[in-house]
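Read the structure below first, then the notes.
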Amino acid sequence: MKKRFLALISAAILAVSLTACGGNSTDSGNKEVKSGVEDGVLTIAMECGYAPYNWLQTDDSNGAVPVSNVEGGYANGYDIMIAKKICEANDWQLEVIQSDWGSLVPGVQTGTYDAAIAGQSMTKERSQQVDFAGPYYYASMVCVTTNDSPYANATSIQDLAGGKCTSQESTIWYDQCLPQIPDAQIQTPSESAPAMLMALSTGVVDFICTDVPTAKGAISAYPNMKILDFSGTDGDFQFDDAVRAENVNIGISVSKGNTVLKEAMDKVLSQMTADDFSAMMDQAISIQPLSE
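Below, the structure written as structure tokens:
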């Protein structure tokens with residue numbers, strides 16, 4: 001009887017202990033998923049080179065925050081504005097890590113950082129690898145060319161036929177938009193947004209494909225560039241409604257099953273409207289550096 005009593009006591013203590021330890025974690029199948037913010041710090045990753053979503057600067061002007069792995073570097077942009085709102089609402093400190101575009105999703109998956117706030121489209125493919133909070137912006141797809149380009153007066157993707165073009169690697173712009181342009185001479189994908197814009201600026205390509213915020217940021221930094229927006233016309237890029245929706249919605253990636261972090265972020269974002277997002281994006285564009 002005594003042994004049975006002690007066994008029951010031990011089991012009860014173990015159950016209480018496990019419950020207490022599980023307060024800031026979630027269970028994905030049989031694997032416990034940590035929220036990542038148990039220490040009160042939200043660690044996020046971004047390129048720090050994708051204006052107006054994010055960029056790198058040398059001081060803390062306009063609300064920029066330090067980049068932990070870039071000595072003397074500060075990050076700013078729309079993504080930083082969103083991250084700060086989320087942290088303020090949850091009483092978290094913010095840590096920013098610079099990461100290449102192709103390393104964002106793997107870094108979230110391995111827990112190198114808690115989330116990626118980096119202008120990522122909430123695509124079906126990415127959603128198989130990570131979970132998304134948001135959307136935190138809605139962005140349509142456009143092309144950008146130069147004012148003196150033979151394509152400057154294009155009114156549809158058919159008018160871009162035969163042109164040399166590129167976009168950023170691992171994006172719907174490169175993988176699904178450019179191939180819809182008749183006889184397009186699709187060049188090697190650019191590893192970053194600045195590289196994509198440089199290819200256009202230097203005449204390596206005739207036009208690029210990107211989203212509206214990136215395009216607006218481009219013409220702010222490069223006055224000789226022009227946006228070609230075919231949205232709402234028969235000459236626009238064609239997708240079914242589901243595919244189009246998933247690629248104009250921008251979200252925050254977190255590890256699979258991290259419901260604690262996802263829900264905390266969604267609670268903040270759900271209180272904001274599309275107009276709120278647009279106003280913040282306009283502010284980011286107005287303070288972005290002229291060159292990166």
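The letter at position 285 of the sequence shown is residue 285 when you use my numbering, and the numbering goes up by one with no holes. Just so you know, even glycine gets a beta-carbon here, dropped at the ideal spot from N, CA and C. Keep in mind the model is a prediction, meaning the values are calculated, not measured.
May I ask you to report which of helix, strand or coil DSSP gives residue i?
i: Leu-290; result: coil
i: Thr-210; result: strand
i: Val-205; result: coil
i: Met-272; result: coil
i: Gln-120; result: strand
i: Phe-132; result: strand
i: Ala-115; result: strand
i: Glu-75; result: First, the residue type needs correcting, since residue 75 is Ala and not Glu in the sequence shown. The answer is strand: DSSP assigns Ala-75 an E or B state.
i: Ile-9; result: Note that Ile-9 has pLDDT 38, beneath the 50 cutoff, so the model's placement of it is unreliable and the number below is only indicative. Ile-9: helix per DSSP, three-state reduction.
i: Ala-218; result: helix
i: Phe-239; result: coil
i: Ala-199; result: helix
i: Ser-231; result: coil
i: Ala-284; result: helix
i: Asp-60; result: coil
i: Ala-279; result: helix
Could you spell out the range, first to last residue, of the alpha helix (DSSP H) harbouring residue i?
i: Asp-79; result: 78 to 90
i: Gln-109; result: 104 to 110
i: Val-268; result: 259 to 269
Assuming residue i contacts residue j (C-beta within less than 8 Å), just tell me the rounded distance between them.
i: Ile-117; j: Asp-79; result: 4 Å
i: Tyr-74; j: Val-65; result: 6 Å
i: Ala-51; j: Gly-77; result: 6 Å
i: Cys-209; j: Ser-167; result: 5 Å
i: Gly-49; j: Pro-194; result: 5 Å
i: Met-281; j: Pro-189; result: In fact, because the Cβ distance is near 25 Å, the residues do not count as touching under 8 Å.
i: Cys-177; j: Phe-230; result: Their Cβ separation, rounded to whole angstroms, is 11 Å, which puts Cys-177 and Phe-230 out of contact at 8 Å.
Given this structure, state the Cα-to-Cα distance separating residue i from residue j, to the nearest angstrom.
i: Pro-179; j: Ser-170; result: 14 Å
i: Ser-99; j: Val-268; result: 25 Å
i: Ile-219; j: Val-33; result: 42 Å
i: Cys-143; j: Asp-39; result: 43 Å
i: Ala-83; j: Asp-275; result: 18 Å
i: Met-122; j: Met-265; result: 15 Å
i: Thr-145; j: Ile-285; result: 19 Å
i: Leu-290; j: Ala-221; result: 4 Å
i: Ala-199; j: Ile-250; result: 25 Å
i: Gly-127; j: Ser-253; result: Note on identity: in this sequence residue 127 is Ser, with Gly being the wrong assignment. Cα to Cα, Ser-127 sits roughly 8 Å from Ser-253.
i: Met-211; j: Ile-44; result: First, the amino acid is wrong: residue 211 is Asp here, not Met. Each residue's alpha carbon lies about 22 Å from the other.
i: Ala-215; j: Met-196; result: 11 Å
i: Met-272; j: Val-205; result: 38 Å
i: Gly-235; j: Ala-161; result: 12 Å
i: Leu-42; j: Lys-85; result: 12 Å
i: Ala-115; j: Ser-61; result: 24 Å
i: Leu-104; j: Phe-277; result: 23 Å
i: Gly-163; j: Asp-183; result: 8 Å
i: Ser-68; j: Tyr-113; result: 12 Å
i: Ile-157; j: Pro-223; result: 23 Å
When DSSP builds the beta bridges, which residues end up paired with residue i?
i: Lys-226; result: Thr-145
i: Asn-54; result: Tyr-50
i: Asp-41; result: First, the amino acid is wrong: residue 41 is Val here, not Asp. Per DSSP, Gln-93.
i: Gln-168; result: Ser-190
i: Tyr-137; result: Ile-250
i: Val-65; result: Ala-75
i: Val-70; result: BP columns for Val-70 are empty, so no partner.
Would you mind reading off the limits of the beta strand (DSSP E) that contains residue i?
i: Asp-183; result: Unbroken run through Asp-183: none, as it is neither H nor E.
i: Leu-94; result: 93 to 98
i: Ala-154; result: Ala-154 -> no beta strand (DSSP E), and no H or E assigned at all.
i: Lys-124; result: Run containing Lys-124: none in the beta strand (DSSP E); it sits in the alpha helix (DSSP H), 124 to 127.
i: Ser-253; result: 249 to 254
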